[in-house]
Structure formats: C-alpha cells, structure tokens
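Heads up, the thing below is written out as structure tokens.
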Amino acid sequence: MKLLVLSQVIYTEMKLLISECRFSFCTTFLNIAVYDSGMIFFQRQFFYAIFYVNASELIGMILDKPPKDKYNAVYFILLLHGIGVLMPWNMFITIAPSYYVDYKFVEVSADGMVHKSDYALHFLSYLGLASQIPTLLLNLINLFVQIKGDLRRRISFSLLILAIIILVTLIFTLINTSHMISAFFFITMTTVVLLNAANGVYQSSLYGLTANFPPQYTNALILGNNICGTFVSVVNIVTLVVAKSVWMAAFFYFLMSLLTVSACFGSIFLLEKLEFYEYHMRKTQKHGDKNEHEEGQHLERINTVDGATMDGTEMIGVVPKAGLKAKLKLYFQVFKKIWIQCFNVWCVFFVTLAVFPVVMADIKYYSKSGKYDFFIAEKLFTPVTTYLLFNFFAAAGSFLANFVQWPSPKWLIVPVTARIALIPLLMFCYFRPEYRTWNVWFYSVWIYIIFAVIMSITSGYFSSIIMMYIPRIVEPSKSTVASMIAAFFLIFGIHYFSLIY
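In this text, residue positions in the sequence shown follow the working numbering: the first is 14, and each later residue adds one.
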C-alpha cells in the first residue's frame, strides 16, 4: 500500500482547497495521509476529522485535474441547448407558408371567394426583415452589455422570453383571427422581432458559456443545431404525408417548440449542481482574476483619462467592467488573433446559405422520358433531397469533428474557401430548367446528391472545428469574448444574403 504524505500545508492554501470541496475546518498545519482505500484523514495534534471525499477527487483538485463529466450530463445539456436554440424559429419558418400565408392571412370576399390578402402576399418578405435584423443587432449588443453574474442569467432570461412568445403563438392557433387580420399581422411581426432578439442573446451567450469547456462541448451546440434541423425536416415530411388540418399541424409544431424550450430552461438550473460544470467555472474565474491583475493598471489609466476610476469589476466570462475605450481595446486585441477564423466561419455559412435552400430546393429530377420515375415520391423529392439530406449530413459532419480536427487553424482557410466552387457546381445541375439560360452540365440526380452531401458534411464539419479552435487561439481569460465574437460572425454569415437582397 502506497502512502502519499503531504505535510506542513499552509493554512490559507488548504482553506481555499477545502472550501472548494464545500467543507470547513479550523487548523493551522495539517498532515494529510491519502490511502489506497479512498478515505482521507486530516490529522492534527489534538483531534482529527474524517471527510467523506474520494481521494482521487481531492488529489485531482490539488493537481488541477478536472473531474469527469459523469454520464456526460453537461455535454447532453449543451446538446439540448443546441437543439433548443434553433427549434422555435425552425418550426416557425417551416409551417409559415402553409399556416400563415395560405390559412391565417386569407380573406373571404362578399361572394364567398377565398383569396390571399396583401399581408399574405408579402408575409415572407416581412418575416425575413423582422427576424434577421433583431438577431444580428442583439447578438452584437450582447458582446458589450454587461450584467453582473455569469452567462446563465442571460440564457435563463432569453429562454423565459422565448417560452412566453411561443405560448402566445400557440394560443393564437386556437383563435379565429379572420375578423382581425391586420391586428394579427402586427402581433405576429412583434412576436417575431422579440423571438429573434431573445434568440440572438441566447445563441451568443451559449457560445460564450461553452468557451470555458473542452472543445467538444462547443461542438455539442453545433451538433445540436444540425440535429434540430434533421428533426424538423422529418416532422415536415410526416406532416406532408399524414396532416389533415393546417391549424392542427401548426399547434403541434409550436407545442414541440414550447416543450423543448421548457426543457432547456429547466436544464440551466441543473448545471450548477454538476461538479464538472462548477470546476470549469472556477477555473475560468481564476484565469479572469489573473488577467484582471495583469491588465488592471492599464485599464485604470484609460478610465482615468475618461474621468472614471475602476474600483471593481463585474464579470461576464472574464470581461472587466471598464470604460468604453478599455472594452474596445480588449475586443480589438482578441479580434486580431481570431479574425481569420471569424472569416472562416462567415465563409462556411456564406457558401452554405448561397445554395441551401435557394438553389438546392429548385434542382429538379431529370428523366429522358419526361416522366417522374425516381424512387422517392414526387411531392417528397425536395423535402428529402434538400432539407433532410442537408441537415442529416451536416449533423454527421459535426459529429465527425468530435474525433477528427483537421486541418490546423493555420491552414483551415484553404478548404473553407475551396468550398466556394460548390456554388457554380450545384447551379450547373438541373437547376430551374424552365428559366435558365446557361447550359446544364450535370443532368443526373445522383451527381447533384454527391455535391449536396459534400456541401452538407463540410458545412457541419468546418463550422464545428472552427468554433472549437477559436477559444484555444486566445488566452483562457479571453476565450469567452472570442467565442461570442465568433458567434456574431456565424450569425452574420447565416443572414448575409437576406440582408443584401
């Protein structure tokens, strides 16, 4: 039996160590004997106390060895949030054409004829405007606005707002709004703005939170995003096959969103009870304290010039509460180190959203006979070969990133920019044959599927490894800021085309 003796441990050091284990004691010098049996005895001249702590856990803390994520609880909670952050909006836009355009915003004339109102004709355009600007704006504001406490507070508040909005939307599926189309339109647009504003804060804060963990935990968010897309695609296909009522389908769409957001809200309060989560939060705080000590004098000088003094800090991740110049300087220093990866994550989603779904959804099946004879039913061709295919293989790419991270950050820009070639390749497939003026190069649907699979896998894979790399490029004390900046460029890449058109 091996005996490890750590003798003459200074009181202050041990007090900190034991307090982290949630124990208190009173002593000056201690002799610690750690036995293979797993029990630890703290012995003093006059008395001893037995602390029921695993020897491996306490030694791990001494050696700064992180505890295990038991049952992968933290990982699965973050995976759930990756699903939850996109579920409400994905469900909303999937059901919007049939529910809002073809059902809620139709008018019945005096002669009994049903026709689309002006709100229905322009609904999707208004929807895009009301969703993208709040998401980007709140994502950007979330970088600079500071709230005392960790990012869980922002996440919890955002989830609460999302739940209220979804509940209101759910209730309206049960209300006849044909006599109040104008009012219902403005209510809907208001809920869309609030939903996307809350979602922007939620998504940005999630990436800031996961920066404190090993890289695969950041990837859990992206994997969850793609799993969400796959799930919604399957629900859409099932709805097309079995749904008998539009309002009933909408009711269950929004109900699933509400249940998912509620599960995410409850899981936030479980995190603080998990040792793995608490360990990484304490470790991040220590890095923040060290960074604050190193930069404090410089920040104070800047604040003094502005007529303010820095007499304390509030922490979000590890960003000091300082003057505007100090904040901007910190963010600029971080951005200088990660700007290439910010471009990479923007470029990944730029290419992806350039072809999905706008190009892929308009690629048709070609047959020499002119008859549709593919093995997938015609009404399911686009839902399966566009939406389900993309989301499934994007999820596969994100999952692969848990095991393989190649190439290195230095060379990642090469394959990321090479993906731009997929844009013309997909457009040279059988895309919009009735309108195109270019020649078709690839008539075979299987060639299109190969291109689509490559685009989808690389979208999931590269977006994952980029977001995994970014927190490791900067100092640990700046990882939260780096991840939140990257999250803004991710969102910017997603909405880029909609903003310029």
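Cβ coordinates follow ideal geometry from the N, Cα and C atoms, glycine included.
Predicted model only: the values in this text are computed from it and were never measured.
Mind the definition here: the stretch 178-187 touches the stretch 263-272 only if three or more C-beta pairs lie below 8 Å; say whether that holds.
-> They touch, by the three-pair rule.
Val121 - containing beta strand (DSSP E), residue span | Per DSSP, the unbroken beta strand (DSSP E) holding Val121 starts and ends at Val119 to Val121.
Are Val87 and Leu284 closer than 8 Å when you measure CB to CB?
-> Yes, the Cβ-Cβ distance between Val87 and Leu284 is below 8 Å.
Find the nearest neighbour of Leu402 within the set Gly242, Asp124, Leu164 and Ile436, judged by alpha-carbon distance.
-> Nearest of Gly242, Asp124, Leu164 and Ile436 to Leu402, Cα basis: Gly242.
Do the stretch 394-408 and the stretch 243-251 meet, that is, are 3 or more Cβ pairs less than 8 Å apart?
-> A contact between stretches requires three or more CB pairs, one per stretch, nearer than 8 Å, and the stretch 394-408 meets this requirement with the stretch 243-251.
What's the C-alpha gap between Leu503 and Cys355?
-> When only Cα atoms are considered, Leu503 and Cys355 end up about 8 Å apart.
Applying the criterion that 16 or more other CB atoms from any shown protein chain within 10 Å of the CB defines a buried residue, is Phe501 buried or exposed?
-> Counting Cβ neighbours within 10 Å, Phe501 comes out buried, since at least 16 surround it.
If you draw a straight line from the C-alpha of Ser111 to the C-alpha of His508, how long is it?
-> Ser111 and His508: Cα-Cα distance of roughly 23 Å.
Buried or exposed (CB count within 10 angstroms, at least 16 for buried), Tyr113 = Under the 10 Å beta carbon count, Tyr113 is surrounded by 16 or more other beta carbons and is classified as buried.
When the Cα of Phe412 is compared with those of Leu337, Ser472 and Ile483, which residue comes out closest?
-> For Phe412, the closest alpha carbon among the candidates Leu337, Ser472 and Ile483 is that of Ser472.
Separation of Tyr385 from Gly173, as counted between CA atoms = At residue 173 the sequence reads Leu, which differs from the Gly that was named. The straight-line gap from Cα to Cα measures roughly 48 Å.
Quick one, are the C-beta atoms of Asn189 and Gly95 less than 8 Å apart?
-> Contact flag unset, no.
Within 8 Å, strictly: CB atoms of Ala211 and Val347 = Not a contact, by the Cβ cut-off of 8 Å.
Among Pro446, Leu140 and Ile479, which residue has its Cα nearest to the Cα of Glu420?
-> According to the sequence as given, residue 420 is Pro; it is not Glu. Nearest of Pro446, Leu140 and Ile479 to Pro420, Cα basis: Ile479.
Span separating the alpha-carbon of Gly383 from that of Ile460 | Using only the alpha carbons, I get a separation of about 19 Å.
Please report how far the alpha carbon of Phe441 lies from the alpha carbon of Thr252, in whole angstroms.
-> Straight-line Cα distance between these residues: approximately 32 Å.
Do Leu187 and Leu208 have their CB atoms nearer than 8 Å?
-> Contact flag unset, no.
Exposed or buried, which one is Leu137 when buried takes at least 16 other CB atoms within 10 Å?
-> When all chains shown are included, Leu137 counts as exposed.
Determine the contact status of Val397 and Ile240, defining contact as a CB-CB distance below 8 Å.
-> At least 8 Å separates the beta-carbon of Val397 from that of Ile240.
Could you please give the first and the last residue of the uninterrupted beta strand (DSSP E) stretch that includes His128?
-> Val127 to Lys129 is the span of the beta strand (DSSP E), which, as asked, contains His128.
Rounded to whole angstroms, how far is the Cβ of Leu142 from the Cβ of Leu236, which I believe are closer than 8 Å?
-> Going by Cβ atoms, the distance from Leu142 to Leu236 rounds to 30 Å, so no, they are not a contact pair.
Under 8 Å between the Cβ atoms of Tyr116 and Met202?
-> No.
Could you give the distance in angstroms between the alpha-carbon of Pro428 and the alpha-carbon of Tyr474?
-> Each residue's alpha carbon lies about 11 Å from the other.
Which residue or residues does DSSP assign as beta-bridge partners of Ile376?
-> Phe444, per the DSSP bridge assignment.
May I ask you to list the residues that DSSP assigns as paired with Phe455?
-> Answer is Cys442, bridged to Phe455.
Within the same chain, show all residues whose beta-carbon is closer than 7 Å to that of Ala409, passing over the 5 residues directly before and after it, in chain order.
-> The beta carbon of Ala409 sits closer than 7 Å to those of Ile470 and Gly473, all from its chain and outside the five residues before and after it, given in chain order.
Do Val121 and Ser130 have their C-beta atoms closer together than 8 Å?
-> Taking 8 Å as the Cβ cut-off, Val121 and Ser130 do not qualify as a contacting pair.
Please classify Ser492: is it buried, with 16 or more other beta-carbons within 10 angstroms of its beta-carbon, or exposed?
-> So Ser492 ends up on the buried side.
Assign Asp82 to buried or exposed, taking buried as 16 or more other Cβ atoms, counted over all protein chains shown, within 10 Å of its Cβ.
-> Counting Cβ neighbours within 10 Å, Asp82 comes out buried, since at least 16 surround it.
Output yes or no for whether 8 Å exceeds the beta carbon distance between Lys342 and Phe157.
-> In this structure, Phe157 does not lie closer than 8 Å to Lys342 by Cβ.
Look at Tyr230 and Thr223 and say whether their C-beta atoms are less than 8 Å apart.
-> The Cβ atoms of Tyr230 and Thr223 sit closer than 8 Å to each other.
Which of helix, strand or coil does DSSP assign to Ser421?
-> Residue state, collapsed to three classes: coil.
Secondary structure of Thr186, DSSP reduced to three states | Three-state DSSP puts Thr186 in coil, outside helix and strand.
Collapsed DSSP secondary structure at His508 in the structure displayed | Of the three classes helix, strand and coil, the one that applies to His508 here is helix, per DSSP.
Is it true that the CB of Tyr292 sits closer than 8 Å to the CB of Pro484?
-> With a cutoff of 8 Å on beta-carbon distance, Pro484 and Tyr292 are scored as not near each other.
Between which two residues does the alpha helix (DSSP H) harbouring Met193 extend?
-> It is not in any alpha helix (DSSP H) - Met193 carries neither H nor E in the DSSP assignment.
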